[in-house]
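Working notes for the structure below.
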């Protein structure tokens, strides 16, 4: 009994440590671990949404692209889909001590060209193969405006199916543009 209790505590501590050290939530890792090409082919590209949240007063993104990548012994797929802004909102967060801060949220969907490219990708012969041994991932790439601050926090959520809701790709990741420029 004591050994199993110790094992449970150690497992919980490891899970908390892993989640605390990563910008990608554990729930996202679990969700995407069961996602496969069958799920991908069933997606409706009209339903796909990306929500970007950051602590700036204005939108610092000028171009978002949803990207699908597959790498395996059978071949490579690396496709990007352009997105368009649907809506945005800025919320002022008042603090008792110190300056107010902001929460800027913007939502994007695939534009007409992105939807067409997504539908073409869903017909790709490599996706029809059932015995693949590779890895795939979704990512969001973006370009920043010239007015972007040197440091800010950003979160990106992805919606693939409206019934399942958004899931977080990464949460409160600090972007340091001065450090990135030096690297």
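Residue numbers (the working numbering): 912 to 1094.
Backbone N, C-alpha and C define an ideal beta-carbon position, used for all residues, glycine too.
When we look at the beta-carbon of residue i and count the other beta-carbons within 10 Å, is it buried (16 or more) or exposed?
{"i": "residue 950", "result": "exposed"}
{"i": "residue 955", "result": "exposed"}
{"i": "residue 1040", "result": "exposed"}
{"i": "residue 932", "result": "Caution applies to residue 932, whose pLDDT of 41 falls short of 50 and renders its modelled position unreliable; the model cannot decide the point."}
{"i": "residue 1075", "result": "exposed"}
Less than 9 Å separating the beta-carbons of residue i and residue j?
{"i": "residue 1049", "j": "residue 964", "result": "no"}
{"i": "residue 1028", "j": "residue 990", "result": "yes"}
{"i": "residue 974", "j": "residue 1067", "result": "no"}
{"i": "residue 976", "j": "residue 1033", "result": "no"}
{"i": "residue 1055", "j": "residue 972", "result": "yes"}
{"i": "residue 1004", "j": "residue 1035", "result": "no"}
Note down the Cα distance separating residue i from residue j, rounded to an integer number of angstroms.
{"i": "residue 1012", "j": "residue 1078", "result": "24 Å"}
{"i": "residue 999", "j": "residue 1018", "result": "6 Å"}
{"i": "residue 968", "j": "residue 1058", "result": "11 Å"}
{"i": "residue 1080", "j": "residue 1022", "result": "21 Å"}
{"i": "residue 1014", "j": "residue 985", "result": "43 Å"}
{"i": "residue 1046", "j": "residue 1008", "result": "47 Å"}
{"i": "residue 1030", "j": "residue 1038", "result": "12 Å"}
{"i": "residue 1024", "j": "residue 995", "result": "10 Å"}
{"i": "residue 1016", "j": "residue 1002", "result": "8 Å"}
{"i": "residue 1088", "j": "residue 960", "result": "26 Å"}
{"i": "residue 1073", "j": "residue 992", "result": "19 Å"}
{"i": "residue 1084", "j": "residue 1060", "result": "14 Å"}
{"i": "residue 1082", "j": "residue 1071", "result": "18 Å"}
{"i": "residue 1065", "j": "residue 1044", "result": "33 Å"}
{"i": "residue 921", "j": "residue 970", "result": "A caution first: residue 921 carries a pLDDT of 44, below 50, which makes its placement in the model too unreliable to give a value."}
{"i": "residue 1086", "j": "residue 1010", "result": "21 Å"}
{"i": "residue 934", "j": "residue 1051", "result": "Residue placement at residue 934 cannot be trusted, given a pLDDT of 45 that sits under 50; what the coordinates show is reported in the next sentence. Each residue's Cα considered, the two are about 14 Å apart."}
Throw me the rounded Cβ distance for the residue i and residue j pair, which I believe falls under 8 Å.
{"i": "residue 1063", "j": "residue 966", "result": "6 Å"}
{"i": "residue 1020", "j": "residue 997", "result": "5 Å"}
{"i": "residue 957", "j": "residue 1026", "result": "6 Å"}
Quick check on residue i - is its C-beta less than 9 Å from some C-beta in chain B?
{"i": "residue 1077", "result": "Any reference to chain B falls outside this structure, which holds one protein chain only."}
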